[in-house]
Amino acid sequence: MSKKKLQSFEDMFGKEMLEADEKEETAGVIELDIDILVPFKAHPFKLYEGQRLDDMVESIKELGIIIPIIVRPTDDGKYEILSGHNRVNAGKIAGLEKIPTVIKEDLTDDEAFLIVTETNLIQRSFTDLTHSERASVIASRHEAMKSQGVRSDLFNEIERLSKTDEIKDFGTSAPMGRRLEAREKVGKEYNLSKNSIARYLRISKLIKPFQSCIDEGKIPIRGGVDLSYLQEEEQQLVYSVFAEIKGAKIDMKKAELIRSASKNKELTRKIAAGIIQGKIKKKKKGRPSHFKLKNKIVDKFFTPKHKSKEIEEVIEKALALYFSQQEENNSDDMKGELIGE
Numbered sequence: 001m002s003k004k005k006l007q008s009f010e011d012m013f014g015k016e017m018l019e020a021d022e023k024e025e026t027a028g029v030i031e032l033d034i035d036i037l038v039p040f041k042a043h044p045f046k047l048y049e050g051q052r053l054d055d056m057v058e059s060i061k062e063l064g065i066i067i068p069i070i071v072r073p074t075d076d077g078k079y080e081i082l083s084g085h086n087r088v089n090a091g092k093i094a095g096l097e098k099i100p101t102v103i104k105e106d107l108t109d110d111e112a113f114l115i116v117t118e119t120n121l122i123q124r125s126f127t128d129l130t131h132s133e134r135a136s137v138i139a140s141r142h143e144a145m146k147s148q149g150v151r152s153d154l155f156n157e158i159e160r161l162s163k164t165d166e167i168k169d170f171g172t173s174a175p176m177g178r179r180l181e182a183r184e185k186v187g188k189e190y191n192l193s194k195n196s197i198a199r200y201l202r203i204s205k206l207i208k209p210f211q212s213c214i215d216e217g218k219i220p221i222r223g224g225v226d227l228s229y230l231q232e233e234e235q236q237l238v239y240s241v242f243a244e245i246k247g248a249k250i251d252m253k254k255a256e257l258i259r260s261a262s263k264n265k266e267l268t269r270k271i272a273a274g275i276i277q278g279k280i281k282k283k284k285k286g287r288p289s290h291f292k293l294k295n296k297i298v299d300k301f302f303t304p305k306h307k308s309k310e311i312e313e314v315i316e317k318a319l320a321l322y323f324s325q326q327e328e329n330n331s332d333d334m335k336g337e338l339i340g341e
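All letters in the sequence shown, in the order written, are residues 1 to 341 by full-length UniProt numbering.
Shown next, in the form of structure tokens:
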């Protein structure tokens, strides 16, 4: 495996943007029975519905499937779809028995998943994706940017078969000392802040039901970030409780309490239910004990000309500024924590 550090998305997939002629576009395409095609085992994207699906079905009935799908063979004699889930679904509705296909052999799971995410991005805008789909794409690209030795022919073939004009540059050509880190490259590609990238990477660690809840607005993204720190078994437990409570929602405060209970090894079904139902709330901090400011501190900053009210106002402003700076520092420290690296 190559130890060359990836500099950009082009480095990973090759710099040549092929302008294939008709022969190249159809090379290696065969007809496969639609019944032996199975969805990608970790397909993160939702299939078309409604008018968009109806339009695709009508197009296939009239013109057939023009762009071949991409698959890889499985151990049981079937073929796993990497690119073309919507075409296959619409083809079945349209009554097709066979479908034009390109078979890719000897792909790693990472390479296969990269084909799945990239071909979906070619067909859709990133802004059209749901939060869970964005999380999956970002996690895939983030891992790809950190990986080494990924095959360079894959994306060129995806681009050719999908008949796109260009592939978005994923990185920069800056000198080594100025190259962006993987997270920053991903953020630059999608015009997202590093914090947003970090949150989406955390969302990708949630179980699918919780990701769906985020898409449906039942859980805010930042609440999902807190839940992502739970072990998978804990996430399953919390979701089972959540699903049993009619009209339940998990806001940021509840998610924070659930994460805290997990961290303290106190997370049970009863505790989870109490938090979700609002019966268990964050304890309010008690008031600090009364104290008197020492004269030597007052004398250090104030003169006898200052009245008591003036002194109180200055101290209040100074404290407000101090705690504001503390919050900013804590926020910066959490950037690395959100990624979980």
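Every residue gets a Cβ at the ideal spot worked out from N, C-alpha and C, and that includes glycine.
In the three-state DSSP reduction, E97 falls in the coil class, being neither helix nor strand. Around the CB of V314, fewer than 16 other CB atoms lie within 10 Å, so the residue is classed as exposed.
Within the same chain, and ignoring the five residues on either side of F242 in sequence, the residues whose Cβ sits closer than 7 Å to its Cβ are A248, I250 and I276. Looking at the DSSP output, D106 sits in no beta bridge, so it has no partner there. Where L82 is concerned, the enclosing beta strand (DSSP E) starts and stops at Y79 to S83. N120 sits buried, since 16 or more C-beta atoms from the chains shown fall within 10 Å of its C-beta. When secondary structure is reduced to three states using DSSP, D299 falls in the helix class.
Nearest neighbour of L32 by Cα position, chosen from K270, P44, D109 and I65, turns out to be I65. Only exposed fits H306, as fewer than 16 other CB atoms lie within 10 angstroms of its CB.
Counting only the Cα atoms, T117 lies some 6 Å from V137. Taking 4 residues as the shortest admissible run, the region 185–253 contains the following complete alpha helix (DSSP H) segments, listed from N- to C-terminal end: 194–203, 208–215, 221–227 and 232–244.
A straight-line Cα-Cα distance of about 36 Å links E49 and G278. Here L230 is near I258, since their CB atoms are less than 9 Å apart.
E31 has P100 as its beta-bridge partners, per DSSP. Cα atoms of L201 and A135: separation of roughly 6 Å, rounded to the nearest angstrom. Secondary structure at L293: coil, using DSSP grouped into helix, strand and coil.
Straight through space, the alpha carbons of D215 and G95 are spaced by roughly 32 Å.
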